[in-house]
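S.K.: Residue numbers (this note's numbering): -7 to 256.
One structure coming up, written as structure tokens, with questions to follow.
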């Protein structure tokens, strides 16, 4: 019975420039037995082409069709919501801005003329950018975000991610940003499961290292959630989280040894 696997990247398949032991062999084995495999990352500071090149260099064979990031999900959402002449403000880096522009959406820094404010990971985030976004919100713009990740795992530690931009904006407005387009969004889950994997959710596995994004999205959409302990989460966090994974593994290489007889 064919199954679908959605793999997170950072902390799951690799850490920075180092492949996690057994990851490439596991991906190949799943494909060889007929399963569908895609990769999903919340990281908005890279293009999908960058991920394709990196994965291939690390020994994981992929094409652009196999990799989805939060930039693609955000641009798809905006395209579905905007009228032709409406504009957006983007707090983020070039890969996010360019993905939005590729859909024919005009980007503006003028707080008085934008319909949406998009928050992405921005390593040059500043008070000026925050103020422009805040003024756009005061003028009625809807604020959305690429992903809720507070940090990004690196070898030896973590660095602030888009969650820091979200926190600043929520602190200024006093309102929670409800529309998140990357994980754990059900919009993202629906698109990948129905349009890409084309399998029932109960035959799909969401594999990642984060409880509040990877595991939550898998659980919320009726998939089988697999937590791997090679990234941001350790075993003690699993004991206290409300987002309980169906499976907890030391790393992706243990997937091939899982007992999944109950999955149809």
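Where a beta carbon is used, it is the ideal one built from N, C-alpha and C, also for glycine.
(1) Under DSSP, the alpha helix (DSSP H) around residue 128 begins and ends at which residues?
(2) Take the Cβ of residue 34 as the centre, count every other Cβ of all protein chains shown within 10 Å, and call the residue buried at 16 or more, exposed below.
(3) Could you tell me which residues DSSP pairs with residue 196 in its beta bridges?
(4) If you scan the region 151 to 186 from start to end, which runs of the beta strand (DSSP E) of 3 or more residues do you find wholly inside it?
(5) For a test of the three-state rule: what should DSSP assign to residue 204, helix, strand or coil?
(6) Starting from the C-beta of residue 215, find all residues in its chain whose C-beta is less than 6 Å away, skip the five residues before and the five after it, and write them out in chain order.
(7) Quick check on DSSP: helix, strand or coil for residue 256?
(8) Taking contact to mean at least 3 C-beta pairs separated by less than 8 Å, is the region 220 to 239 in contact with the region 201 to 208?
(9) Taking 8 Å as the cut-off, decide whether the C-beta atoms of residue 100 and residue 79 are in contact.
(10) Take residue 128 as the anchor and find which of 14, -3, 141, 105 has the nearest alpha-carbon.
(11) Where does residue 18 fall in DSSP's three states?
(12) Quick one, which of 203, 164, 139 has its alpha-carbon nearest residue 120's?
(13) From which residue to which residue does the beta strand (DSSP E) around residue 229 run?
(14) Considering only residues of the same chain and omitting the five flanking positions on each side of residue 256, which have a CB-CB separation below 6 Å?
(15) Report the option in 151, 53, 153, 107 whose CA atom is closest to the CA atom of residue 74.
(16) If distances are taken between C-alpha atoms only, which option among 143, 26, 43, 10 comes closest to residue -3?
(17) Using a Cβ-Cβ cutoff of less than 8 Å, which residues in the same chain neighbour residue 230 once the five nearest sequence positions on both sides are dropped?
(18) My assumption, with CB atoms under 8 Å, is that residue 185 sits in contact with residue 12. Please give the rounded CB distance.
(19) For residue 137, which beta-bridge partners are listed by DSSP?
(20) Closest to residue 155 by C-alpha separation, out of 42, 132, 138, would be which residue?
(21) Between residue 23 and residue 81, is the Cβ-Cβ spacing less than 8 Å?
(22) Please classify residue 66 as buried or exposed, where buried requires at least 16 neighbouring CB atoms within 10 angstroms.
M.R.: Straight from the coordinates:
(1) Where residue 128 is concerned, the enclosing alpha helix (DSSP H) stretches over 119 to 130.
(2) buried
(3) In the DSSP assignment, residue 196 forms a beta bridge with -4.
(4) none
(5) Looking at residue 204 - three-state DSSP - the assignment turns out to be helix.
(6) 193, 196, 198
(7) Because residue 256 sits at a pLDDT of 45, beneath the cut-off of 50, its placement in the model cannot be relied upon, and the point is left open.
(8) Enough Cβ pairs lie closer than 8 Å, so yes.
(9) yes
(10) 105
(11) helix
(12) Checking every option, the nearest Cα to that of residue 120 belongs to 164.
(13) Counting along the chain, residue 229 falls outside any beta strand (DSSP E), though it belongs to the alpha helix (DSSP H) covering 227 to 232.
(14) Because residue 256 carries a pLDDT of 45, less than 50, the predicted location of this residue cannot be relied on, and the following value inherits that uncertainty. Closer than 6 Å at the Cβ level, and outside the excluded window around residue 256, lies no residue.
(15) Nearest neighbour of residue 74 by Cα position, chosen from 151, 53, 153, 107, turns out to be 107.
(16) 26
(17) 203, 219, 236, 237, 240
(18) The pair is not a contact, with the Cβ atoms about 24 Å apart (cut-off 8 Å).
(19) According to DSSP, which records beta bridges pairwise, residue 137 is partnered with 111, 172.
(20) Out of 42, 132, 138, 138 has the C-alpha closest to the C-alpha of residue 155.
(21) no
(22) buried
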